[in-house]
Amino acid sequence: MSIADRLEWLDKQGTSVSDEHGVKEFRPQPWRHLQNVLNEMGHAEEAKQVGIEFEKRLRYGGLIGQSPASWNPIRRWFYKKLMTLLHVMYGFLTGYGYRPMLLLRSFLAVWLVCSGIYWLAANEGAIFAPSDPLVFQNEKYVSCVPPASPTGQEPSDTGNWYLCAELPEAYTGFSPLAFSLDLLLPLVDLHQEKDWAPLIETPKANIFAELWGFFSAKRLVRFVMWVEILAGWGFSLLFVAVVSGLARRKE
Numbered sequence: 084m085s086i087a088d089r090l091e092w093l094d095k096q097g098t099s100v101s102d103e104h105g106v107k108e109f110r111p112q113p114w115r116h117l118q119n120v121l122n123e124m125g126h127a128e129e130a131k132q133v134g135i136e137f138e139k140r141l142r143y144g145g146l147i148g149q150s151p152a153s154w155n156p157i158r159r160w161f162y163k164k165l166m167t168l169l170h171v172m173y174g175f176l177t178g179y180g181y182r183p184m185l186l187l188r189s190f191l192a193v194w195l196v197c198s199g200i201y202w203l204a205a206n207e208g209a210i211f212a213p214s215d216p217l218v219f220q221n222e223k224y225v226s227c228v229p230p231a232s233p234t235g236q237e238p239s240d241t242g243n244w245y246l247c248a249e250l251p252e253a254y255t256g257f258s259p260l261a262f263s264l265d266l267l268l269p270l271v272d273l274h275q276e277k278d279w280a281p282l283i284e285t286p287k288a289n290i291f292a293e294l295w296g297f298f299s300a301k302r303l304v305r306f307v308m309w310v311e312i313l314a315g316w317g318f319s320l321l322f323v324a325v326v327s328g329l330a331r332r333k334e
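Structural data, given as structure tokens:
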């Protein structure tokens with residue numbers, strides 16, 4: 084019997100109907116039993132497929148995010164929605180823990196997309212600059228400094244730290260790929276995040292002007308950096324949690 088036939092058979096399992104709410108009750112025992120049997124028979128891949136489909140059926144049945152009956156309805160509703168969203172993300176990122184290498188797909192996507200953003204910001208926007216004040220404030224490199232308020236009509240030789248030939252070779256050159264990877268890997272230092280940073284204008288006293296300034300290219304790049312740092316920690320913690328869970332299942 085193929086795995087598709089087994090799943091179809093499980094979907095036809097008997098259900099009971101609540102008299103009060105008229106909701107079908109999902110029975111997990113047959114799914115867990117089949118998964119254990121397949122594991123014992125050495126069919127690890129089929130057992131994983133059953134486990135993944137089981138998690139989906141739990142969500143389809145509204146069984147994710149159950150909360151104590153003593154909670155007020157609003158709190159229960161928000162909790163259920165949050166847990167359901169996290170469950171969907173967990174499935175997309177790791178296949179509910181059964182396919183941890185799926186994390187690599189999301190990791191690569193975030194890395195490459197952010198690298199492209201940083202390349203555009205450095206090459207076209209002249210947004211990145213050395214963070215070392217001995218370099219940044221050195222009069223020898225004044226030709227590398229971009230205009231404070233670029234208009235987009237500047238000549239080709241306008242200052243850009245990323246493309247500046249006067250910057251000493253001994254200083255770490257900006258690499259969008261390495262910079263993005265440096266942000267994504269929390270415990271790795273590629274000397275990019277430490278040596279380069281976006282040029283951010285001074286905050287404004289007017290709260291509305293400050294909020295509107297968030298949508299400037301420079302601050303949006305900084306926001307992308309924050310998101311990528313959080314994503315890197317999330318990927319790392321999730322990978323450790325999934326791998327440790329896989330080790331326990333093998334035991």
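In short: position in the sequence shown from 1, add 83, done, that's the numbering used here. A virtual CB, placed ideally from N, CA and C, is assigned to each residue, including glycine. Note that this is a predicted model, so its numbers are computed, not measured.
CA-to-CA, the gap between I200 and V307 works out to about 9 Å. Contact annotation, I86 with E129: C-beta distance approximately 5 Å; criterion of less than 8 Å satisfied. When the alpha-carbon of D265 is set against those of W316, I290 and W92, the nearest one is in W316. Shown here, A248 sits in coil according to DSSP, grouped into three states, outside any helix or strand.
In the displayed model, A192 falls within a helix according to three-state DSSP.
Within the same chain, and ignoring the five residues on either side of L117 in sequence, the residues whose Cβ sits closer than 6 Å to its Cβ are V133.
When the alpha-carbon of L203 is set against those of L270, P183, M172 and L246, the nearest one is in L246. Y162 is positioned such that its CB atom lies no closer than 7 Å to that of S153. Beyond the five residues adjoining it in sequence on each side, R302 comes within less than 7 Å, by CB distance, of I283 and G296 in the same chain, given in chain order. Straight-line measurement puts the Cα of W309 at about 14 Å from the Cα of F318. Counting along the chain, the unbroken alpha helix (DSSP H) around W295 starts and ends at I290 to G296. When the five nearest sequence neighbours on each side are left out, the beta carbons in the same chain lying within less than 6 Å of the beta carbon of H274 are those of T255, in order along the chain. Less than 7 Å divides the Cβ of E249 from the Cβ of Y224.
Per DSSP, reduced to three states, the secondary structure at A127 is helical.
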